[in-house]
Each structure stands twice: as structure tokens, then as C-alpha cells.
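Step one of this worksheet: look at the structure below.
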Amino acid sequence: MMKKALPLVLIFLSLVFRVQAQSSRTVTGTVTDAEAGLPIPGVTVMVRGTDTGTVTDIDGRYQIEVFEGENALVFRFIGLQAQTVTIGNRSQVDVALSPDVTSLDEVVVTAYGDQTRREVTGAIASVKGEIFQDLPMQSFDRAMQGRVAGVQVTAGSGQPGGTLNVQIRGVGSINAGTQPLYIVDGVQIASGGLSGQGPQNALASINPNDIESIEVFKDAAAASIYGAQAANGVVLITTKRGKQGKTKVRISAQEGLVQPLGFYDVMNANQLASIKRQAYINAGLNPRDAESIFGSPSDTDIQNTDWVNALFREGRLRVYDLSLSGGDDRTQFFISGSHTYHEGQIIMSDYSRTTGRMNLSHNVNEKFNINVNLSLSRQITNGTIDRGNFVNSPFVAGYVSRPNVPIYNEDGTFAEYPSEHLFGYNIVQGVRQELRTGTSYQSVSNLQMTYKILPWLGFTAFGGLDFSDNRDENNRPSTIPAFASYGGSSTFVDRRIVNSNANANFNVNKTFSDLHTVSGILGYEYKMETQENTSATGRGFPNPVLRYLQNAAQPFQVGGFYTEYARSGFFGQAKYDYDDRYTFDLTVRRDGSSRFGTNTRWGNFGAVSAGWRLSSERFMENARWVDNLRLRASYGITGNSNIGNFESRTLVGSAGQYLGGGALRFVQLGNDRLTWEESVSTNIGVDATLFNGRIIATVDVWRKDSQSLLFETQLPIDSGFGSITRNTGKVRNQGIDFDLQTTNVVWGKFRWSTAFNTSIFSNELLELYEGLDRLGNDLIVGKPIDFYYAYEYAGVNPANGAPMYFDENGEYTYLVSDDDLKYIGSALPWNFGGLSNTFAYGPVSLEVFFQYQYGNLAFNQDLYNLAQAGSIGQDNQTVDQSFFWRVPGQITNVPKPYEGGRVPGHSGYQQFSTKQISDGSYIRLKQVTLNYNLPKNLLSKARIDEMNVFVQGLNLWTLTKYNGLDPEVNSIGDTYGTYPTARQITAGINLTF
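Counting from 6, one number per residue, gives the positions in the sequence shown under our numbering.
Below is the structure:
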């Protein structure tokens, strides 16, 4: 890509870079503060449309050379409004700059309307689209990673287009969903995966370059107007709209590389043969039996296959984007299209997405406005199996396959893998020949009509649709020996999800005597979601090319289901503001859900909040370094109904045949008293803007108690049922969110700014049910709801090479029991955040962004197979297992090899212990972007408004003590054979006409 793009850039520059000598003159002047009248040093003075500039001295004076045809100066200073001044025939231009209150008047999208930042009393964080524009990411949820305090974003899979896990202020539920409510332009959309053949992200249907802003509602004051589903927070996405003025065309293109972050270092054939030979000897078995399987350690001609190298690759990445926007005083439009192609780090793994969008806004007259947002996307995932101990997963079999077995025969056909290991599955053949494809079409669209009844009273009607249609195909050809016995198989799965919501509301906003402002909203909302699934499998295909069901000799399996649920609610909100100093909010909502019992479907939610702007008080008049200082407090209750659609119902299912006919049996015990899970939230916050906007800080101290949990509780064996869902239990999350933005240096053309956020929180289970203080080793009152309870590994006994553990009394033991299991630590980090530094010098800018998390443990299940001292089965091992115990007195952490993995009188080698658990903390260089803006005086000759070229890298470096491949993917808990994230390096160009 670079070879193609560089000549084009050079040719372009050679055409436009024709600067001729022109006459010049000197312009001088003084820059002062409009309020105090004092001179301002350090003001940047630029000739408009050029890179010519200077800064004012200690007395606010400047001097600059201006060439013929250059007739305007631009004055900029942090915290003050920029000014563009026409020079004319003057040789002296004096300017007075006024305070810039943009940070206070910044519009924040809130529920069913907008507010300025100064009016907000809830905990709302914003991420502007310009921050993540042109980043090669498939979904907008990744844009929040490390950029929003209190929001933890981790990759569920590194597969291109894969899903992410988003937690806002901790994990508040045990059995119900914990993901936030996502709303795109008012449409409540479903998150999660669309495909069963790869973790295809439903949120990826929205092109990130189409997004204007993302707002995150973290407390009840901000989220309670949504009532239902707001217990886990709310994420509002607003897409771009056209603006009045000439049509702007923006074109962007980038291409790059996708590289694996790293690999497990596994043994070659000689190393594996050596450790297996020793394992046989130590177990009293004939070493020749080992050599018959693994070969001789001394054989220099032994087959040495690098399975990992055959499976992993350096992929390619391409992203193209086009948008048009503009309009007049009545109609504005934004139209865009994009295409993304992203190869994975595994062969045959890739992702493509094509999107189209049209946002229209039309003012019928002064009172009536119509907004229409239409979007359509197609996602195609050619997936691979990950996250599980599956022999057809390259992340398992790629590492454990025996290196003394070839991939190919001499004639180039695939070699047959030994049937006694991995079910005879040649993983390279499997990945190349097994087809796993998921294709999804999705539309997130809406229609909104607004009518202004009176100057202070309006009415809004809204309808939104999130529609997705998915087809999965999994073809297992008979050319793969594992599937040859039944002639291969093909499975097709069709899914359709129709998710719609509509609301209507009246809204008021009126100011009295320039001191009292009253606003409010009163409305009704209805939501319905239907899901339909049909699947069919056929076996026995005459030829692998003929893979569709009509060619199958045997219809093997047919399945399907249909499900739906509905929710409706009434909501109201009232706000009062006095003199821009005191603000009070009250929100109430009543929701009903079909998922709950007949008499318990309705729940009441709401919040109260208040704000006090101290900087507007008289006692702060002399603190001129304080631009804004505000206290906020809120308390509220939100709900969670994210469970199965029929958890409250008694269900029956098929019981096979009875007396020659069909039969039914009870499969679920209902609970007609089942109702809403509640989250009680308290928040105290401080917002501060200091030193003319050079420091902007926000601190929130919060507590969130989730109670009446939707909990799957155990039943007695004689009940005939295993469990029933009830409202019981309580979980507490509490912590501190801190966000800081600073402008560190502004000197001439150089500018350095920093954005930092961090969150410190704790998670604790407060109550279970029926007075229990623990449920086995999974839940313990007083502990986090996600933790590790395991044996404590004590290392290897230097005397005999046997693995040791600590028993319940802290003594060494070879043989462990359940009594020796102990609490090891939390899988949840207690601290996470991000740090971004942006350096700019004239047209060149560099952004460096770090993301981190700290304080969690991670369990690496891959080591169950790869780090067992060559003692279990035929799995290959990591190279470090070569340092196993050999002689008495040797100090090592790897026990002696022992075929079968269990020394008589000792516990087996495969114990769930601290040997597989390590520190999951990490800090990652998440993004580096170098950008160059070409001079506008050159671009104007080609009728180009803006042009910039850039190079950027993602996931460039990671510091961690984690003993696996990727601490980010493994930070969500227990993992096995996960698809790790990849390093991405791209170069691109943006053009605006």
C-alpha cells in the first residue's frame, strides 16, 4: 500500500507546490484580555491558510511578515475565543480576546433531548467522534476503551469483527446480563454476537466514522429515565448530521498490516521425544514405546513440523470511507459509505463490512421538523473456532499437535494425522478445508417528528428499528478423515432479529425573569423484540464441491425456535435551574416487562439530583483562575430485566415417544412472583475548569448496590427440578472515577496536551439466599463475584522432583483434597484507565495513547495441556518444560516427567492451581498516530479544502506479568484457546473538498 500511495502523494505535491517570490510587509500589534485589558503573552498568531506564525511576547506584542494575497490573521490562546481578523491596508492590528466557555456550553446528548455541559447533574462522560475517526476498528464500543473513567472495555476475542465486553462501574449481576443499554440515534439496539461461526459484533454495523459523539450514562441521575435495562449503564451514540452550507465531500483510505502479538514457544520433535522418553522411564514403562510414537531424541533426520508457522500469518487491512454533507436553511443531509476488509492472524480468518448511511433533517416550517436516519450494513466473517478445548481450533491444536507428524505428503496432499491423538485431525487441513462463514445484514434506522406547539412547549414522536438477518454455514467435507465416515456434513442456520421501539413525549422549557428556568418531559415508550431461528444439517455428500442441503444423502438434523418479549413504560422528568447556580432534577419511570410474573411485571424507577455552581457565587469572584467549579449529587434506582424471555413461566418440552406417540414433560419450574432486579446508585461529583481552560477535571465518588438479583437458586433433588429463578441476593460496587484534561504547553507552533482517566473500584457479594454465606466454591459472601478458588502450588520437591501443594494448614503435601482449596484472588481489576498525550508542531501532530488495568488475576487454561512436563497424552509442550527435574537437589519449577501425569500416592499433574494463575495486570501502548496536514495555500490551487496523510499503529507494546498470549482477551475470566488481539500498522490519506 505504501508503495502505491507514496508516488501519488509525491506527484500531487509536485503539481501544487509552485510558490513564487512575492512582495511582503510587516504587521505588528498587541493582544490583550477583553475583560481585564491586560496584555497576554504566548498567544499564537498565524497567517490564515499558511504555516507562517509567531507568538506574543511578555507584553502581548507580536510582529509577523505577511505576503501579497495574505489578508487575515488568526489569534489563538487556550481558554480564550479564537479570532480571525482581516488585515486590509493596516500595518498594526490590535486584538482583544474574550474567555471561551465552550467547555461549559458543550452540547451533551441526553435521554430524549440535549443539554449543555453546565446543566448536567448526572455522571455523564463523552467521547467525541473526532478522537477515534479513521482508527481501523470495526465497532464503536472499542472507542471507549481507556478513554472513559469507570468504563472497562475488554476484547472477548481478537478475531476481526469480534465482540467486546463493556462494564460500566463494575459487575452488578450474577445471572442476569451485565452489558449496558446501547442506543443509536434513539434506537435501542441489541449487543452481542450475530453469528455462530465467529464472534461477529452486532454493534459493528455502525461505521465508527459516521459517529458524532458517544455519551456514557454512569449513574442513576443520568440513566434512570430509561428505567428498564439502565442498571448496567447506558451508552448513547449520535451519528453525524448535515450542516447548513456548501456540500462537503470527505474521502479517506488506509491500508496496513495485521501481525500476531506473540506465540507460545513449543518444542521441536527432538525436544518432545526427549521429555516423553523420560516420562516413560520414570513411570517404569519401556522407552522404546515412546520412541515408536514420538521418534528418537538423537535422530537428526526426525520429521520437524512447525504447525504454528503453518497456521499463523501476517494479514492485510483495508479501510475506505466516503461521506457527503451539507444543506440549506430547510434541509440538511449526511450521506456516507464505507468498506472494510480485515484479515486475521490465522489463515482463512477474515472479516469484511460494507455500510451505507443517509441522515436527513427537514424543517417543514418554523414549527415542524422531520429527521430520518437510514443505515444498512453487511458483515461477512470467515471464522475459526476459539475459546474452548476443541481439536479443530488452531489455538489449541496448533500448539499441541505433534511436531514429528508432517502436514503434507510428498505429493502435496494433506497427510493423515495419527488417530490416537486429536481424533486424527490434521489442523492445517481442517482450517483450510472446513468452511465456517457468517453473513449478516443489519439496519438501524429511525424516523422522528418534532412539532413546536408553543415557544416553550413541544411534542416529539419517534419510531426506531434494529433489524438483522444472519446466515451461518459450516461445511465439513469428507476430504477431512474425521468426517469421511459419514460423507461430510453441512449445517445452515438462519436467524432473524427484529427489535423495534417507539415513543412519544411532550417537552417544556421556559425561563422566568431571566433567573428561573423550568424544563421537563412527559412520555410513553414501547419496545418489542422477536427472534426466529431455523437450522438444518445434512450428511453424505457425493462431492465436497456440492455442499448445499439438496445434495445431501441423509437429512440429519432440523431445529428452530421463535421467541419474543415486550416492554412498555411511562416516564417523566422535571428540571429547575436558578440563575445558572442551583440545578435540581427529578426523574420517574414505570416499566412493565413480559418476562416477569403476571402480577409483578411493573416496576418503579427514578432519581433525584442537584448541582451547585460555586464559581458563580460572590465569594469566588476573586478566584479568577477558576473558570468553573461545580458540585453534583444524585441518588436513584434503575432496573434490569436482562434474562430469558420465559424465566418466570413453567415450561414443558419434548419427552420423546410414549405408547407410539409424542410426549411432553415439565422442563422448567416457573415463578409468577419474579420481578425486576434493581440497582440503587449514589453519586457525588465535582467538575472544575481552571486557568482559562488549561485544566479540566472531573471526580466522582460512587456506590452502586444491586439488589433483588435475578438469581438462579438451587432446589432440592426431590423437587424434580434443578433450580428456579428468584429475586434474591445483593452485590455492591463502589469506587472513584477521575478524569483530567490539561494543556501543558502552548508555545508558538508547538502544543502539548494530555488526557488521563482512572477508576478505582471494589466489588463485593453482600448477600446470597436463605441465609447462605457461600455456594460451593463459586460464590462467597464478602468476596468479589468473580474470583479464583484453587490449590496453592508449592513448587517441586528438590529431593524427588514431585509437585507439591500447600494444604489447608499451610503445610507441604503431595496429595490434595477439597479442604485444601483456598481463595486466591479476584479476577476483576481494581484499577483501570488510560493516558493520552498529543504533541503538535504546526501541521504535524503525534498522539500516543496508553491503556491499562491493574489488580486482577488471570487463569491461563492453555497451560493445562502445554505445561504438564510431557506427562499427559501426546500433546506438545512449551520449551520451558525441558527444564524438568532430573537429579536430587535440583531446583526447578517443572516436576519430573511421569507418563500418565500421576505419581502413585500423589495428586495428578492437572490440578487447578496457582501454577496456571498469574497477574493479569497490564499496560499497553494502544495507539500511536502521526499526522501531517498539507498547507492550505497549496491545496487551494487543486480546489482541496483539507488533506492529511497519517501512519498509525495499534497494540504496539504490552508490559505484563501474565503467562499467556494476551492479558486483554484473558481479562474476562477463564479462557482456553482464545483468539488473541493483533498488532495493526496502517498508513492512510484524508481528503476534504
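All C-beta atoms in this analysis are idealised placements derived from N, C-alpha and C, irrespective of residue type, glycine included.
Since we're looking at a predicted model, the values are computed, not measured.
Original post:
Short check: CB of THR991 to CB of GLY261, under 7 Å?
Top reply: Closer than 7 Å, so yes.
Assuming LEU868 is part of the beta strand (DSSP E), what are its boundary residues? Per DSSP, LEU868 belongs to no beta strand (DSSP E); it is in the alpha helix (DSSP H), 868-871.
| Just to confirm, are GLY331 and GLY435 a CB contact at a threshold of 7 Å? | No, these two residues do not count as a Cβ contact at 7 Å.
Notebook entry, point to check: So, are the CB atoms of LEU427 and VAL449 less than 7 Å apart?
Noted result: Contact flag unset, no.
In angstroms with no decimal places, state the Cα-to-Cα distance between PRO213 and GLY342. 11 Å
- Which residues in the same chain have their Cβ closer than 6 Å to the Cβ of ARG586, if we skip the five residues on either side of it in sequence? ARG618, SER621
| In the DSSP assignment, what residue or residues form a beta bridge with TRP757? | VAL750, PHE844
Rounded to whole angstroms, what is the Cα-Cα separation between VAL153 and ASN374? 33 Å
(Q) I'd like the span of the beta strand (DSSP E) that includes ASN188, first residue to last. (A) Strictly speaking, residue 188 in this sequence is Ile, with Asn absent from that position. 186-189 is the span of the beta strand (DSSP E), which, as asked, contains ILE188.
Point to revise | Buried versus exposed call for VAL354 [16 or more other C-beta atoms within 10 Å across all chains shown] | key: In the sequence as displayed, the identity of residue 354 is Ser instead of Val. Label assigned to SER354: buried.
Identify whether ASN782 lies in helix, strand or coil by the three-state DSSP scheme. coil
Check whether the Cβ atoms of PRO789 and ASN805 lie closer than 7 Å to each other.
no
Handout entry: Chain-order list of residues whose beta-carbon lies under 6 Å from that of GLN858 (same chain, five-residue window excluded)
Key = Annotation for GLN858: PRO834, PHE837 place their beta carbon closer than 6 Å to its own, counting only its chain and skipping 5 residues before and after.
Using a 10 Å radius around the Cβ and a threshold of 16 neighbouring Cβ atoms, would you call ASN627 buried or exposed? Label assigned to ASN627: exposed.
- Task: Please look up how many angstroms separate the CB atoms of PHE488 and SER494, rounded, as I've assumed it's under 8 Å.
- Result: 6 Å
Exercise for review: State buried or exposed for ARG312, treating a residue as buried only when at least 16 other CB atoms are found within 10 Å of its CB.
Suggested key: Note on identity: in this sequence residue 312 is Trp, with Arg being the wrong assignment. Classification of TRP312: buried, given that the 10 Å Cβ count is 16 or more.
- Indicate whether ARG699 and THR759 have their beta-carbon atoms separated by less than 7 Å. no
### Message
Taking 8 Å as the cut-off, does the stretch 694-708 touch the stretch 730-748 (at least 3 CB pairs, one atom from each stretch)?
### Response
yes
(Q) In the DSSP assignment, the alpha helix (DSSP H) including TRP312 goes from what residue to what residue? (A) 312-316
Quick one: residues in its chain with C-beta nearer than 6 Å to the C-beta of ASP224, no 5 flanking neighbours on either side, listed in chain order?
-> If we look at ASP224 and ignore the five residues flanking it on each side, its Cβ neighbours are GLY127, ALA128, SER639, SER686, ASN688.
query: How would you write the range of the alpha helix (DSSP H) that SER297 sits in, first residue to last?
result: 292-299
| message | Can you check which of these residues, THR89, ILE280, SER29, is closest to GLY875 by C-alpha distance? | response | ILE280
Margin query: My assumption, with CB atoms under 8 Å, is that TYR285 sits in contact with GLU904. Please give the rounded CB distance.
Written below: Contact holds; Cβ gap of about 5 Å.
- Item | Counted within 10 angstroms of its Cβ, other Cβ atoms place TYR663 as buried (16 or more) or exposed | exposed
- Spatial neighbours of GLU569 within its chain, please: CB distance less than 6 Å, with the 5 preceding and 5 following residues excluded, ordered by chain position. If you ignore the 5 residues before and after GLU569, its C-beta comes within less than 6 Å of the C-beta of THR535, all in its own chain and listed in chain order.
Where does SER728 fall in DSSP's three states?
strand
Checklist entry - CB-CB under 8 Å to PRO307, same chain, minus the five flanking residues each way: which ones, in chain order? => result Strictly speaking, residue 307 in this sequence is Ile, with Pro absent from that position. Closer than 8 Å at the Cβ level, and outside the excluded window around ILE307, lie ALA274, ASN275, ALA278, GLY300, SER301, ASN409.
key: Member of ALA258, LEU470, ARG929, LEU868 whose CA lies at the smallest distance from the CA of VAL956   = Nearest option by C-alpha distance: ALA258.
Worksheet item: Using 8 Å as the Cβ pair cut-off and three pairs as the minimum, do the stretch 348-363 and the stretch 318-332 touch?
Response: Touching, yes.
field: Residue span of the alpha helix (DSSP H) that contains THR438, given as start and end
entry: Contrary to the premise, residue 438 reads as Gln rather than Thr in this sequence. Taken as a continuous stretch (DSSP letters only), the alpha helix (DSSP H) holding GLN438 covers 432-438.
### Task
Between the Cα of ILE642 and those of THR522, VAL32, GLY608, ARG30, spot the shortest distance and give me the residue it belongs to.
Ranked by Cα distance from ILE642, the first of THR522, VAL32, GLY608, ARG30 is GLY608.
Item to complete: In angstroms with no decimal places, state the Cα-to-Cα distance between PHE696 and VAL631.
Response: Whole-angstrom Cα-Cα distance: 6 Å.
- Could you tell me which residues DSSP pairs with GLU973 in its beta bridges? Paired residue(s): none; GLU973 is not in a bridge.
Less than 7 Å between C-beta atoms, sequence neighbours within five positions excluded: which residues of the same chain meet that for GLY906? For GLY906, where only same-chain residues beyond five positions count, the Cβ hits under 7 Å are GLN873, SER876, ILE877, GLY913, TYR914, GLN915.
Are the CB atoms of ILE179 and PHE716 within a distance shorter than 7 Å? A contact, by the Cβ cut-off of 7 Å.
Considering only residues of the same chain and omitting the five flanking positions on each side of ALA571, which have a CB-CB separation below 6 Å?
MET533, SER599
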